[in-house]
Each structure stands twice: as C-alpha cells, then as structure tokens.
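>
Number of protein chains: 2
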Amino acid sequence: MLGNPHERARTMPAAAAPGTTAGKAGTSTAPGVATGPDDGAKGARRRAGRPSAALLDQAGITAAALELIGKKGYDGLTMAALARQLDVAPSALYNHVASKRDVLLLVEDHLAALVDVSGFGARPWEDAVRTWAWSYRDVFAQHTPLIPVIAVLPVTDAPQTLAMYETVSAGFVAAGFPEERIVSAIVALESFIFGSAYDVTAPADIFDAGSMAEATPHFTAAVRSLAARGDERPADVAFGLGLDALITGLGALRG
Amino acid sequence: MLGNPHERARTMPAAAAPGTTAGKAGTSTAPGVATGPDDGAKGARRRAGRPSAALLDQAGITAAALELIGKKGYDGLTMAALARQLDVAPSALYNHVASKRDVLLLVEDHLAALVDVSGFGARPWEDAVRTWAWSYRDVFAQHTPLIPVIAVLPVTDAPQTLAMYETVSAGFVAAGFPEERIVSAIVALESFIFGSAYDVTAPADIFDAGSMAEATPHFTAAVRSLAARGDERPADVAFGLGLDALITGLGALRG
DNA sequence: GCCACTAAATGAATGCCATTCATTTATTAG
DNA sequence: CTAATAAATGAATGGCATTCATTTAGTGGC
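One line per chain: the protein sequences are A and B, in this order.
The numbers in my numbering rise by one with no breaks, and the one at position 127 of the first sequence is 127.
The numbers in my numbering rise by one with no breaks, and the one at position 130 of the second sequence is 1130.
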C-alpha cells in the first residue's frame, strides 16, 4: 500500500474497538455497533420518548463517524449525516456529545490508539522513533481535518492519546534523554509529523509553476529533477529525509 | 478545476499591494465623492446597478479580509462580514472571487510576501534557513487556519508564494545542494514549520494530564521538568531544537 | 408501591452560513 | 448606436450546528 519501507507500521498492535473506555458500564451489549448490520432501516419511525434500551453511546457514535468519514470524507461528516447513520434524530446526539468538536475528539482519540508505539522498550530508540513516526503520519494523513483539533487538544480529554505520550516518553527516558528535553523533542517530531501528513494529501502537480515557470528557473529546475526520478512518492522522500535529520539531531541530545 | 465561468476573477488586473485601492469603507476615496445621500456606515443603501467606479477589487478584498481577521479572528471572517467591511452586498464579492477559499488564497499569498528570505544569497545557508524558518513560522502561527489551504495549494495560484520558493531554491542551489534533493529538503522544512505554527497556538496547559497523572509517570515528570525551567516559551524551545536538527541533517546533503 | 427525578429519545424551530440568480445600471467594443 | 460585458443590489436557497419543548422510560428514596 505504501511505498515506504515501514509498512509494518500498518500492522496495528491492537485494533482496539472504539468504546472500551466509554464511561458507561451497565449495559452488556454496546448499542449501535456490535450488533451486526444495523444499516438501512429507513422510514421506521420511532415514537418520541426514551427507548427501553439506549440507542446511542460514545463508542457507537465514534464508530459511525469513522464509517461515515471513510465513505464520504470529512465533508460528509455532519451531525445530520451522523444521526442518519445511527438511525436517530440529530438532536439525540447531543445527549452524548456536547458539540461536533466532541465527535472529532472521539475520533482523534480512537485513531491515537492505532499509532504503532510497539518499538519503544523493544528496539533501539532510533528504530522505535522511526516506526512510530511513519505510522503516526500514515494514520493522520487520512485524517488531516483532525490536526487543527489535536494541536490544541488538552491531553486530559484524550486518554488514548495520553497513553501514546506515556509510552513514547518512557522510551525517551530509557534511551537516556534528560527529562527536561523530552517534551520538546516529542513536540518537534510531532510538529514535523503533522505538517508531513498534510503533505501526503497534496495533489501531485502542486509545484507546477505553469506559466510562471520562466520567472522561477531554480525552483522549476528543482521540481523537474525531482519528478524525473519518479520512483518513490515525493511526500515519502521528504518525510524520510526530514525524519532522518530529526532522529540524528535529536538523538544527540541524549546524555 | 479552476478554469470555469469564474476565470475572469482570476485574471483581474492584480493591483500592487492590498489596501492601495478599495480599502475598507470610510477610507476609500477612489469611487469619487458621489457617496450619495445616506453616507452613514449603516444602511447606506446604494441603488442597484453598476457603479461608475468599481467599489471592489482583489487587493481591497484582501486588505479587508486581513483587517477582519485581525479584529475578529478567522471565525469572524465570513463572506457577509467581509462584504459589510467593504460596505457592499455579499453577492458583490462573487464578481471578484469565486469562493471563500479564493479569499483565503489571496490572504495566504499576501502573507507569503512577508516571510523573510533576505538571508538567501547574502548570508551562509544555515543562517538564511534559520531566519526564513523562524519568520515563516511566526507569520503563519497567526494564521493557522490557512495551513490546510496552503498545504494543497497549487503554486500557480499564488505568485508571491512561488516567488518565495524561487528565492529559497536559489539559495539551496548556491549552497551546493544537488538539484533533485532541493524540493524534498524544502518540503521537509516546510512541514516542520507548519506543524510548529499550530504548536504556537496551543494552550499552555495542553499537556496537563490532570487526574490521569499517576497513570502516566514518565510523561508527567517530563512535562513538569520542562515547566520548571519556565524561561522560554515551550513552543520556541521545541522549534529551535527541531530546526537545528533539520538544518544540520539536511545540510549534510550538500555536494 | 408510589413519586419525583433524571436520562434519552423526537421533532420543530433558530440563526448563521456560502452561494446563486434575476435584475439593474454603467462602461466598453465593434 | 448598439450589443456585450462588468459590477453592483436584493431576494432566494439549501445546508449547517445547535437549542428547546415534549414525550417516554428507567431509578432511587420513602
């Protein structure tokens, strides 16, 4: 699927089903999701009032959002569409989430659990970082609209994300990083990862200067000579280049 | 995708700098004195039909958008608000711009001209890159909502942005970079810059694990020990760290 | 076993948004 | 002189997130 040499990043350690953390115990069967094909069911008017068994919970909402995103992209993720997917009135969603942003948050935290941190504590630091970074980028390249959300997201609100940070931090400690540099190093890597995720989604001809080409000879030549060696995806080349530089440079901070 | 009935909007006589012509309401004197009977900011009804002197152009729209963004942020940048700022009906904007995205594009390209590329051709490569990167980050940290737009923006549509790339490319050539690595190196730097721009906007307590702190000892300790040395802004520390690593690592690619 | 309270659903607004269209008026090209 | 075009208005249009009143079902306290 991917041209880069880190496809193992794709094999997830634990495809944690959404909802393992949903605060509601009680009901043994999670509503909405695991009950097989629940789609369709059109026109089946449900009368107003509380149903005997809850139709919604955060896990189901997360799963439905992911399915919708996969099918229609983030433009298709509207509260109305989400409600429709769950065969529910739009206003019902607001009994379980405060806003659409909350939905995005649930999705984000679910995705964080898919990032491969298995290298930390098992393989050399450089190796673990490389695996983590590629997998992190690959996951969020499919979900760039979440990046503005993550970037300002208090980790308190995202337990899986926080768990990822803990594992990565532990790996940095074990590798000999001084404590007060760890967060900065992770943030630097993460910034690069988020920016690179956008890069993946860019159209191939983004750097085609078109009619202005004569006015920009150096740039145009550079673009052409990159395109000339069309083996690897440009976004992957740039990511690999930058990641190597960061790993080498940041690795030098170890005590 | 843009060759369409709105093509005229893109081939407008692109006046020099924004603000030189149709600025915001009240300061604009270009259309002559015929401000008419009710000149007041509110309810100043202009009768339908083409006015003798054009009220709008892309430069004026750009300037008004920037002022609005400065005053109300990107949430306040709506086509209606923009029209109001320019004392014009919302639909009038669409004679000069095909969509709101076009407005963001105009703003982006205006900002690209503010990025400091003066080091290239004047100072050592490392030095020039550092100046460029810090200034690039600082400009877009104030305008993070543009980042998703830039990231997929064909450079053809953004002459100032293209000009920036040309200067930077020339600097890389002069520094001895092999041609086919230049775009990748720039993209890597840019990805880091965009990601870091988001980081600037993050709330200070973003990494406060709150009640989950005991469950994440390594991460919590790292966050605390960073906060302990509270001299420099965390976002700046991380950016400086990553930038140094990238400059060193990428610089090694020179022939 | 009753009753108040709360939880979870519906369905009908609300207000904001970008965008479109018919129309009017002015300028410009042939 | 006239047809085409450019640039404005003002009135839709449809979609959007969100809120609110209402209905119904479970729950905890007595």
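Glycine included, C-beta positions come from ideal geometry on N, C-alpha and C.
Keeping to the same chain, check which residues put their C-beta closer than 7 Å to that of V1168(B); ignore five residues upstream and five downstream.
Locating residue 1168(B) in the second sequence gives position 168, counting from the first residue. Correct list, in chain order: V1117, F1120, W1132, I1186.
> At the 8 Å Cβ level, is L162(A) part of the contact set with chain B, yes or no?
Here residue 162(A) is taken as the residue at index 162 of the first sequence, counted from 1. It does: the Cβ of L162(A) has a partner Cβ on chain B nearer than 8 Å.
> Identify, in the order they occur along the chain, each residue of the same chain with its Cβ nearer than 7 Å to the Cβ of D1039(B), setting aside the five sequence neighbours on each side.
Counted from its first residue, the second sequence places residue 1039(B) at position 39. Here the model assigns D1039(B) a pLDDT of 37, short of 50, so the residue's position is not dependable and the matter cannot be decided.
> To be precise: take each residue of the segment 1128 to 1154 of chain B, compare its Cβ to all Cβ atoms of chain A, and keep it if any distance is under 8 Å. Which residues remain?
Taking 8 Å as the Cβ-Cβ cut-off against chain A, the residues of the segment 1128 to 1154 of chain B that qualify are T1144, P1145, I1147, P1148, A1151, V1152, L1153, P1154.
> List the endpoints of the continuous alpha helix (DSSP H) containing G1242(B).
Here residue 1242(B) is taken as the residue at index 242 of the second sequence, counted from 1. From DSSP, the alpha helix (DSSP H) with G1242(B) extends over 1234 to 1251.
> Between the Cα of D127(A) and those of H96(A), D157(A), I247(A), spot the shortest distance and give me the residue it belongs to.
The residue labelled residue 127(A) in the question sits at position 127 within the first sequence. For the residues H96(A), D157(A), I247(A), the minimum Cα distance to D127(A) belongs to I247(A).
> Under 6 Å Cβ to Cβ from P1178(B), same chain only, skipping five residues before and after it: list those, please.
Taking the first residue of the second sequence as 1, we reach residue 1178(B) at position 178. Result list for P1178(B): G1255, in chain order.
> Taking only three categories from DSSP, how would you classify A83(A)?
Translated into the one-based positions of the first sequence, residue 83(A) becomes position 83. Three-state result, A83(A): helix.
> State yes or no: is the C-beta of S196(A) within less than 8 Å of the C-beta of G1242(B)?
Numbered from 1 along the first sequence, position 196 holds the residue referred to as residue 196(A). Numbered from 1 along the second sequence, position 242 holds the residue referred to as residue 1242(B). No, they are not a contact pair.
> Applying a beta-carbon distance threshold of less than 9 Å, which residues of chain B neighbour R229(A)?
Here the question's residue 229(A) lines up with position 229 in the first sequence. Within 9 Å Cβ-Cβ: E1180.
> What's the gap between the Cα of S1211(B) and the Cα of F239(A)?
On the second sequence, residue 1211(B) is found 211 positions in, with the first residue counted as 1. On the first sequence, residue 239(A) is found 239 positions in, with the first residue counted as 1. Their backbone Cα atoms lie some 36 Å apart in a straight line.
> For a cutoff of 8 Å on Cβ pairs, would you count L246(A) as touching chain B?
The sequence position of residue 246(A) within the first sequence is 246, counting from 1. By this cut-off, L246(A) is an interface position.
> If we ignore side chains and look at the alpha-carbon of each, how far apart do A202(A) and V1183(B) end up?
Working through the first sequence from its first residue, we reach residue 202(A) at position 202. Working through the second sequence from its first residue, we reach residue 1183(B) at position 183. Roughly 14 Å separates the two Cα atoms.
> Taking the beta carbon of P1124(B) as the centre, do at least 16 other beta carbons fall within 10 Å, making it buried, or is it exposed?
Sequence index remark: in the second sequence, residue 1124(B) carries index 124 (1-based). Counting Cβ neighbours within 10 Å, P1124(B) comes out exposed, since fewer than 16 surround it.
> List the endpoints of the continuous alpha helix (DSSP H) containing P159(A).
As a first step, residue 159(A) is located in the first sequence; it is residue number 159 there, counting from the start. Counting along the chain, the alpha helix (DSSP H) containing P159(A) begins and ends at 159 to 174.
> For the alpha helix (DSSP H) that contains S1118(B), what are its first and last residues?
For the purposes of this step, residue 1118(B) is taken as residue 118 along the second sequence, with counting starting at 1. No alpha helix (DSSP H) holds S1118(B); DSSP gives it neither H nor E.
> When burial is assigned at 16 or more other CB atoms within 10 Å of the CB, is S135(A) buried or exposed?
Here residue 135(A) refers to the residue found at position 135 of the first sequence. So S135(A) ends up on the buried side.
> Can you list, in chain order, the residues of its chain with a C-beta nearer than 8 Å to that of K72(A)? Leave out the 5 residues immediately preceding and following it.
Looking up residue 72(A) in the first sequence gives position 72. So the qualifying residues of the chain are A81.
> When you compare the CB of V1088(B) with every CB in chain A, is at least one pair closer than 8 Å?
Start at 1 with the first residue of the second sequence, and residue 1088(B) comes out as number 88. So no, V1088(B) is outside the interface.
> Kindly indicate which three-state DSSP category V152(A) falls into: helix, strand or coil?
Taking the first residue of the first sequence as 1, we reach residue 152(A) at position 152. It is coil, neither helix nor strand.
> Please list the partners that L1241(B) has in chain A, where partner means a Cβ-to-Cβ separation under 9 Å.
Here residue 1241(B) refers to the residue found at position 241 when the second sequence is read from its first residue. Within 9 Å Cβ-Cβ: R181, S184, A185, V187, A188, G249, L250, L253.
> Consult DSSP for F192(A) and reduce its assignment to one of helix, strand or coil.
Numbered from its first residue, the first sequence carries residue 192(A) at position 192. Helix, per DSSP.
> If we count the other Cβ atoms within 10 Å of its Cβ and call it buried at 16 or more, is L1114(B) buried or exposed?
In the second sequence, counting from the first residue as 1, residue 1114(B) sits at position 114. Counting Cβ neighbours within 10 Å, L1114(B) comes out exposed, since fewer than 16 surround it.
> Buried or exposed for D57(A), please, with buried defined as at least 16 other CB atoms from any protein chain shown within 10 angstroms of its CB.
To locate residue 57(A), count along the first sequence from 1; it is residue 57. With 16 or more other Cβ atoms within 10 Å, it is buried.
> According to DSSP, is F1207(B) part of a helix, a strand, or is it coil?
For the purposes of this step, residue 1207(B) is taken as the residue at position 207 of the second sequence. Of the three classes helix, strand and coil, the one that applies to F1207(B) here is coil, per DSSP.
> Helix, strand or coil for G1255(B)? Go by DSSP, reduced to three states.
The count along the second sequence starts at 1 and reaches residue 1255(B) at position 255. The answer is coil: DSSP assigns G1255(B) none of H, G, I, E or B.
> Under a three-way DSSP split, which group does F1177(B) fall into?
Stepping through the second sequence from its first residue, residue 1177(B) is reached at position 177. Note: F1177(B) maps to coil in three-state DSSP.
> Taking only beta-carbon positions, decide if F120(A) is within less than 8 Å of chain B.
For the purposes of this step, residue 120(A) is identified with residue 120 of the first sequence, where counting begins at 1. It does not: the Cβ of F120(A) has no partner Cβ on chain B nearer than 8 Å.
> What does a CB cutoff of less than 7 Å around L162(A) pick up in its chain, not counting 5 residues either side in sequence?
As a working note, residue 162(A) is residue 162 in the first sequence. Correct list, in chain order: V155.
> Verify the CB distance criterion: does V237(A) have a CB-CB separation below 8 Å to chain B?
The residue given as residue 237(A) occupies position 237 in the first sequence. Output row for V237(A): interface = yes.
> Does the Cβ of I234(A) have 16 or more other Cβ atoms within 10 Å, making it buried, or fewer, making it exposed?
Position 234 of the first sequence holds residue 234(A). In the sequence under discussion, the amino acid at residue 234(A) is Pro, which differs from the Ile named in the question. Classification for P234(A): buried.
> Would D75(A) count as contacting chain B if we go by Cβ distances under 8 Å?
Stepping through the first sequence from its first residue, residue 75(A) is reached at position 75. For D75(A), the answer is no, since every Cβ of chain B falls outside 8 Å of its Cβ.
> Which residue comes first and which comes last in the alpha helix (DSSP H) that contains S225(A)?
For this step, residue 225(A) is matched to residue 225 along the first sequence. Where S225(A) is concerned, the enclosing alpha helix (DSSP H) stretches over 217 to 228.
> From A1053(B) to D236(A), what distance separates their C-alpha atoms?
Residue mapping note: residue 1053(B) aligns to position 53 of the second sequence, counting from 1. Residue mapping note: residue 236(A) aligns to position 236 of the first sequence, counting from 1. So the alpha carbons of these two residues sit roughly 51 Å apart.
> Please report whether the beta-carbon of I1193(B) lies at a distance below 8 Å from any beta-carbon of chain A.
By one-based count along the second sequence, residue 1193(B) stands at place 193. Cβ-Cβ to chain A under 8 Å: yes for I1193(B).
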